[in-house]
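Below is one structure, written out as structure tokens; comments come after it.
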Amino acid sequence: MNSRQRIALAMQIKEPDRVPVMCQLAIGHYFLNTSFKPHEIWYTSEAFAEALVQLQKFYRFDGILINQPGRPDNFLAGVSKIEETGDGEVLTWCNGDVTFIPWDDNAQFYPADELKPTRADFNTIDPDKLDDIDDLVGYIWNTEHIQTIAGKIRPGPLAEFPPYFFKTIDLVQDMVGDDVSVHGEVFSPLTYYMELFGYADALMTLIKDPGKVHALLERLTPASVAWGVAQAKRGVDAVLISSAFVGGPFLSPKMYREFVVPYEKQVAAAIKAEGVPVYTHTCGSIGKILDLMVETGTMGIDTMDPPPLGNTELAYAKEKVGKKVFLKGNMNSVELLAAKTEEAVIAHASERIRDGKPGGGYILSTACSVSPLMAPWKLELFTPLAEEIGRYDAG
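For the working numbering, count along the sequence shown from 1 and bump the result up by 158.
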């Protein structure tokens, strides 16, 4: 059984030959542990695809998550200067804009015009005129982590996508063939909403004017649907809905039901209609909303941060919803980062395999992204461990 088949069975809540292993790596982990410069991974589809496959092979993961769209060809031709500092790379663009990319973290963009608005103004925004918004530095529709589309900001939530959006997917699929499970990612409607206004301000609007929030979410949801469906049609093996930061204490179960469930339900249904599995990534304390997450129609729940990062014990989640959705994660990323010995790492991962394995439907993974500074030797232990104690034919 190959990796792609193994994860496919786990996502169907069936028993493969062994527990699959698939961790999501922070972008800084690719910066620090591949041969590419940070700006190459950040701004070129080719380097990002190579980095994804390099570390999948090195760690022997069963799947790859492609968590950002492809980049325009020759996008870096717009850079006039690249400087390396002790803290990271500084890219100066021909128009005077500056991007700072830490050696171990996401890029930070600074426009030459400091007066440009970084986020939308909730008080003045018109839900019926989102297509008119074209100059928000902090938020560009559907193009996470890149400030322009082919040198020009494209207004409005995208329903159709330029060919380069799919380039990383195509490159990775060509490199791994049918052997590895390749997953795409789309932001949930509420995540797009929070990016539009900034997280603190966006959370306040949920209380201030819920009617307008719903009107905006109705306009944003088709963009999430379109990108998720587009990736499904492109042949990914699953689509992850990134619904970060909606776990407690940010949203109560009541607010989750109101502002998340009806919109993610639309995204999940559209992706599943293409015959592609869909699952949901939510950080934080989700123990009290597991049933609500299932109501969205998702087929799997990812992260399940354990205490003290969150409040989800894998054994509880397995009993509560494990017959309805597959489960992925629950290893404490911070505890693993601090671990000093192989014995400590193996003990932590072994507990998750024991709790998640029965009946199938579990994928061994860290709860959230692997830290940039996580020592590679720790991640190398997971697949051999799954082969040793995670086999279903061994009882």
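For glycine and all other residues, C-beta sits at the position ideal for the given N, C-alpha and C.
Simplified DSSP state of residue i, which is helix, strand or coil
i: residue 327; result: helix
i: residue 241; result: strand
i: residue 260; result: strand
i: residue 460; result: strand
i: residue 173; result: coil
i: residue 267; result: strand
i: residue 404; result: coil
i: residue 533; result: coil
i: residue 429; result: helix
i: residue 396; result: strand
i: residue 334; result: helix
i: residue 382; result: helix
i: residue 468; result: coil
i: residue 410; result: coil
i: residue 376; result: helix
i: residue 318; result: coil
i: residue 179; result: strand
i: residue 387; result: helix
i: residue 445; result: coil
i: residue 528; result: strand
i: residue 236; result: helix
Local Cβ density within 10 Å of residue i, reported as buried at 16 or more and exposed below that
i: residue 309; result: With a pLDDT of only 41 at residue 309, under the threshold of 50, the placement of this residue in the model should not be trusted; the figure read from the coordinates follows. Counting Cβ neighbours within 10 Å, residue 309 comes out exposed, since fewer than 16 surround it.
i: residue 522; result: buried
i: residue 554; result: Beyond the ends of the chain as shown, which are 159 and 553, falls residue 554; an answer cannot be given.
i: residue 427; result: exposed
i: residue 535; result: exposed
i: residue 192; result: buried
i: residue 268; result: exposed
i: residue 205; result: buried
i: residue 266; result: exposed
i: residue 299; result: Residue confidence for residue 299 is low, a pLDDT of 42 falling below 50, so the modelled location carries little weight; the figure read from the coordinates is stated next. Buried, since its Cβ has 16 or more Cβ neighbours within 10 Å.
i: residue 345; result: buried
i: residue 475; result: buried
i: residue 301; result: Confidence in residue 301 is poor, its pLDDT being 42 and thus under 50, which makes the residue's placement unreliable; the coordinate value appears in the next sentence. With 16 or more other Cβ atoms within 10 Å, it is buried.
i: residue 477; result: exposed
i: residue 515; result: buried
i: residue 395; result: buried
i: residue 253; result: exposed
i: residue 273; result: exposed
i: residue 487; result: buried
i: residue 532; result: buried
i: residue 491; result: buried
Beta-carbon gap between residue i and residue j smaller than 8 angstroms
i: residue 528; j: residue 187; result: yes
i: residue 347; j: residue 382; result: yes
i: residue 563; j: residue 387; result: Here the chain has residues from 159 to 553 only, and residue 563 is not among them.
i: residue 454; j: residue 422; result: yes
i: residue 410; j: residue 161; result: no
i: residue 439; j: residue 463; result: no
i: residue 211; j: residue 540; result: no
i: residue 414; j: residue 176; result: no
i: residue 262; j: residue 530; result: yes
i: residue 221; j: residue 341; result: yes
i: residue 390; j: residue 343; result: no
i: residue 484; j: residue 224; result: no
i: residue 202; j: residue 234; result: yes
i: residue 277; j: residue 356; result: yes
i: residue 213; j: residue 190; result: no
i: residue 473; j: residue 441; result: no
i: residue 470; j: residue 424; result: no
i: residue 351; j: residue 358; result: no
i: residue 251; j: residue 228; result: no
i: residue 538; j: residue 217; result: yes
i: residue 419; j: residue 374; result: no
i: residue 458; j: residue 169; result: yes
For residue i, the first and last residue of its enclosing beta strand (DSSP E)
i: residue 436; result: 436-440
i: residue 222; result: 221-223
i: residue 484; result: 484-487
i: residue 254; result: Where residue 254 is concerned, there is no enclosing beta strand (DSSP E), given that its DSSP letter is neither H nor E.
Segment limits, alpha helix (DSSP H) that includes residue i
i: residue 559; result: Nothing can be reported for residue 559, as the shown portion of the chain is limited to 159 through 553.
i: residue 363; result: 357-366
i: residue 454; result: From DSSP, residue 454 is part of no alpha helix (DSSP H); its letter is neither H nor E.
i: residue 211; result: 203-217
i: residue 540; result: 540-547
i: residue 274; result: Neither: residue 274 is in no alpha helix (DSSP H) and is coded neither H nor E.
i: residue 186; result: 185-191
Starting from the N-terminal side, write out each stretch of the alpha helix (DSSP H) that is 4 residues or longer and does not extend beyond the segment 474-526. 491-496 and 500-514
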